[in-house]
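Visitor:
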Amino acid sequence: MEDAQSSVSSVSSQQDSADTMRSVLQEICDFRAEHKVDLNKLKEEIKGDMKSELEDMKKEIYQKLSANSALTQAHETRLKEAEERIDEAETYMAMSDALIKSMKEQRAVQGKLVDLEGRSRRNNMCIRVPEEKEDTSRQDAHSLGLGNTHIHSAQDAAQELRRRDFSVDIPDRNFGAVPGDGASPPDQDMAA
Numbered sequence: 001m002e003d004a005q006s007s008v009s010s011v012s013s014q015q016d017s018a019d020t021m022r023s024v025l026q027e028i029c030d031f032r033a034e035h036k037v038d039l040n041k042l043k044e045e046i047k048g049d050m051k052s053e054l055e056d057m058k059k060e061i062y063q064k065l066s067a068n069s070a071l072t073q074a075h076e077t078r079l080k081e082a083e084e085r086i087d088e089a090e091t092y093m094a095m096s097d098a099l100i101k102s103m104k105e106q107r108a109v110q111g112k113l114v115d116l117e118g119r120s121r122r123n124n125m126c127i128r129v130p131e132e133k134e135d136t137s138r139q140d141a142h143s144l145g146l147g148n149t150h151i152h153s154a155q156d157a158a159q160e161l162r163r164r165d166f167s168v169d170i171p172d173r174n175f176g177a178v179p180g181d182g183a184s185p186p187d188q189d190m191a192a
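Numbering (UniProt numbering), first residue to last: 1 to 192.
Below you can see the structure in the form of structure tokens.
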């Protein structure tokens, strides 16, 4: 009997342990089911939060992109305006350079003209014919006897004409050395 009791108690203990195992297994299954539901809820919440955050980020990025686009367009406009002003300034400088060059050439030509006029005046003589000899005043130099005379300078010509009773005025000038053909004209102060 003792064996039977021990066997019954052993069976009963095995049955208790099986019942315990079943109850533990049931609790584990219930726990898994609860957590599965909770996990799905958590996943949905995370998805919703991430979607809203992504939407917010998209809006923020779009706003910044729009602001940058407007700023870039403003910079492009300013750059084009600056390029136009630079082109105008370069054109103005080129025109100024051409004008300065033209003015320098004009001054050089004007200096040469003044020099040429000065040289012409130095060679001019004023010849006055006495009133009683008006008839001979119409004769040329050859008929006056100057055609065969070799005249070296304005002073030589004046002496020859005075010798023949003509009044000759030569401007009082220092005839100094006459500049050569390649000599530059004297500097002139010309106001621009």
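Cβ atoms here follow ideal geometry from the backbone N, Cα and C, with glycine treated the same way.
Given this structure, state the Cα-to-Cα distance separating MET95 from ALA67, to the nearest angstrom.
Guide: As a first step, residue 95 must be located in the sequence shown, where it is residue number 95. As a first step, residue 67 must be located in the sequence shown, where it is residue number 67. When the Cα atoms are used, MET95 and ALA67 turn out to be separated by approximately 42 Å.
Visitor: Just mark ALA157 as buried or exposed, buried being the case when its beta carbon has 16 or more other beta carbons within 10 Å.
Guide: In the sequence shown, residue 157 corresponds to position 157, counting from 1. Note on ALA157: 16 or more other CB atoms within 10 angstroms of its CB, so buried under the neighbour-count rule.
Visitor: Is ARG138 helix, strand or coil when you go by DSSP?
Guide: The count along the sequence shown starts at 1 and reaches residue 138 at position 138. Residue placement at ARG138 cannot be trusted, given a pLDDT of 46 that sits under 50; what the coordinates show is reported in the next sentence. Coil at ARG138, not helix or strand.
Visitor: Measuring straight from C-alpha to C-alpha, what distance separates ASP30 and SER23?
Guide: For the purposes of this step, residue 30 is taken as residue 30 along the sequence shown, with counting starting at 1. For the purposes of this step, residue 23 is taken as residue 23 along the sequence shown, with counting starting at 1. The alpha-carbon atoms of ASP30 and SER23 are separated by roughly 10 Å.
Visitor: Restricting to runs no shorter than 3 residues, where is the beta strand (DSSP E) found entirely within the region 7 to 64?
Guide: none
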